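Peer 1:
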Amino acid sequence: MLYQRRIADNQIISAKLELHLRGSRYAGVGAQLLGIVGLGLAGFYSLDVQVMLGWAAALLLLNLWWSRRVNRILVAGRHFTHRPAVLNELFTHALLSGAVWSGTLIWLDAYLSDLIFYLCICVIVIVSVVTIAVSVVIRQAYLIQLTFSLGVIAMWLAWFAGDRPFNSGFAVLLVGLSVFLVVASDWMSGAFSEMVETSLERAAMSKDLASLTDSLKTRNLQLQDARRQLAEQATIDELTGLRNRRGVNIIINDELARMKRMLLPIAVIALDVDHFKTYNDNYGHPAGDEVLQRLADVMLEMTSRAGEFAARMGGEEFILFYPNVNRSGALDLAEELRMKVLGLKIPHEKSLTAEYVTVSIGVVSCVPEWELEFDDLLKTADDALYLSKTNGRNRVTAGESELSEPS
Numbered sequence: 001m002l003y004q005r006r007i008a009d010n011q012i013i014s015a016k017l018e019l020h021l022r023g024s025r026y027a028g029v030g031a032q033l034l035g036i037v038g039l040g041l042a043g044f045y046s047l048d049v050q051v052m053l054g055w056a057a058a059l060l061l062l063n064l065w066w067s068r069r070v071n072r073i074l075v076a077g078r079h080f081t082h083r084p085a086v087l088n089e090l091f092t093h094a095l096l097s098g099a100v101w102s103g104t105l106i107w108l109d110a111y112l113s114d115l116i117f118y119l120c121i122c123v124i125v126i127v128s129v130v131t132i133a134v135s136v137v138i139r140q141a142y143l144i145q146l147t148f149s150l151g152v153i154a155m156w157l158a159w160f161a162g163d164r165p166f167n168s169g170f171a172v173l174l175v176g177l178s179v180f181l182v183v184a185s186d187w188m189s190g191a192f193s194e195m196v197e198t199s200l201e202r203a204a205m206s207k208d209l210a211s212l213t214d215s216l217k218t219r220n221l222q223l224q225d226a227r228r229q230l231a232e233q234a235t236i237d238e239l240t241g242l243r244n245r246r247g248v249n250i251i252i253n254d255e256l257a258r259m260k261r262m263l264l265p266i267a268v269i270a271l272d273v274d275h276f277k278t279y280n281d282n283y284g285h286p287a288g289d290e291v292l293q294r295l296a297d298v299m300l301e302m303t304s305r306a307g308e309f310a311a312r313m314g315g316e317e318f319i320l321f322y323p324n325v326n327r328s329g330a331l332d333l334a335e336e337l338r339m340k341v342l343g344l345k346i347p348h349e350k351s352l353t354a355e356y357v358t359v360s361i362g363v364v365s366c367v368p369e370w371e372l373e374f375d376d377l378l379k380t381a382d383d384a385l386y387l388s389k390t391n392g393r394n395r396v397t398a399g400e401s402e403l404s405e406p407s
């Protein structure tokens, strides 16, 4: 589907008006000055010098005033805010310009020879032809000027056809030229209109695309943030804020490989809440969830250094991972964790182990060899945890295995 932006008619007219005013500000005034110089030279030897200079000065001031007026209109943006009023000013100026040229020629008729008189007509024709290039954007203005200059002159020559030898011929010539300029102005005005509309469409499209690009950038950032949050949610246990099993799988292989390269010990602590099903049955699942959250806070506090982490593997089962911790250090950490949980003094009246919530813990520590997998460590820690449960719960047990013990 092609992108197409519809430009309002008033925007097109305002843009054409601006283009017309910018052209008439200098080029249009320049064409008028060319005519002033031409007619001034033609009548210099036929009329009083002061009269010709006064006429030239008056037209010059009129054109300079118009140029200044156009500047003010453009600076103030009145061609957008007061478009009808500016159009009326433009049409009035076109009428006066055309009337000045035809009136000047009629005035000079009584003083000029045939040759100079027809040369003056040629000068006015040249001005009209040159003006079409800068005034045809707003075609109505050009047609007004053409009508009151060449049109009036043609009618006047036809009316006084017998006063000079070539008045009839020039009248016909001016009518034919006027018809040609009317047709040419229609074609040129259409071309200018298409150019202006295309330019506005491209500008609007560029603006829309820039806005769309910014919107897409913002949306992309939002999507990236959403993906990051989803990725975090996929690796974080919603209840406790600890890593879940997926979160462990993502990071553990890299951490384990690092310890293998550095020949450093690692420790895994497996933890299970004693008689947790009984607790839920007695106090309710919301209370059980609160217990897990409080235990998670303790585990987060004890895994604050780089590389350490705690994770909820499911239900009331947790693990803690410690890099560069040997067997004795792991046992000390496990005992500290057990005592902190007991120190929470969370009542558990149905427990067969103690009056408060307790945990059973299994510990494994070793210097990992290259063929060692994390599942091997986890199995050893789970076996030790099972021994803690079978031996009375609320205790720490070190795993016995063929894993290399750290020195």
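Under our numbering, the first residue of the sequence shown is numbered 1, with each subsequent residue one higher. Don't be surprised by glycine CBs; every beta carbon is placed ideally from N, CA and C. Please read these numbers as outputs of a predicted model, since none were measured by experiment.
Tell me whether the stretch 34-44 and the stretch 101-120 touch, counting them as touching only if at least three CB pairs, one residue from each stretch, are closer than 8 Å.
Peer 2: Yes: the two stretches touch, three or more of their Cβ pairs being nearer than 8 Å.
Peer 1: Give every residue of the same chain whose Cβ lies closer than 7 Å to the Cβ of residue 170, excluding the five residues on either side of it in the sequence, and list them in chain order.
Peer 2: Closer than 7 Å at the Cβ level, and outside the excluded window around residue 170, lie 118, 121, 157.
Peer 1: Sort 52, 146, 89 by Cα distance to residue 112 and report the nearest one.
Peer 2: 52
Peer 1: What runs of the alpha helix (DSSP H), each 4 residues or longer, lie entirely inside the stretch 244-284?
Peer 2: 245-262, 276-283
Peer 1: When we look at the beta-carbon of residue 107 and count the other beta-carbons within 10 Å, is it buried (16 or more) or exposed?
Peer 2: exposed
Peer 1: Just the C-alpha distance for residue 407 and residue 326, rounded to the nearest angstrom, thanks.
Peer 2: Residue placement at residue 407 is flagged as unreliable, the pLDDT there being 48, under the threshold of 50; the coordinate-derived value follows with that caveat. When rounded, the separation of the alpha-carbon atoms in residue 407 and residue 326 is 7 Å.
Peer 1: According to DSSP, is residue 360 part of a helix, a strand, or is it coil?
Peer 2: strand
Peer 1: What residue from 267, 286, 328, 307 has the CA that sits closest to residue 379's CA?
Peer 2: 267
Peer 1: Output yes or no for whether 8 Å exceeds the beta carbon distance between residue 363 and residue 306.
Peer 2: no
Peer 1: In the stretch 322-383, which residue ranges form an unbroken alpha helix (DSSP H) of at least 4 residues, counting only runs that do not cross its ends?
Peer 2: Taking 4 residues as the minimum length, the alpha helix (DSSP H) runs contained wholly in the stretch 322-383 are 327-343, in order along the chain.
Peer 1: Please check the pair residue 60 and residue 36, which I expect to be a contact at CB under 8 Å, by giving their CB distance rounded to whole angstroms.
Peer 2: 6 Å
Peer 1: As an exercise, report each continuous alpha helix (DSSP H) stretch of at least 4 residues that is fully enclosed by the stretch 83-170, in chain order.
Peer 2: 83-108, 114-135, 139-146, 152-159
Peer 1: Should the stretch 304-323 be called in touch with the stretch 241-258, which here means at least 3 C-beta pairs below 8 Å?
Peer 2: yes
Peer 1: How about residue 100 and residue 177: do their beta carbons lie closer than 8 Å?
Peer 2: The criterion of a C-beta distance shorter than 8 Å is not satisfied by residue 100 and residue 177.
Peer 1: Tell me which residues share the same chain as residue 72 and place their Cβ nearer than 7 Å to its Cβ, disregarding the 5 neighbours each side in the sequence.
Peer 2: none
Peer 1: Once DSSP output is grouped into helix, strand and coil, what is the label at residue 308?
Peer 2: DSSP places residue 308 outside both helix and strand once states are collapsed to three, so it counts as coil.
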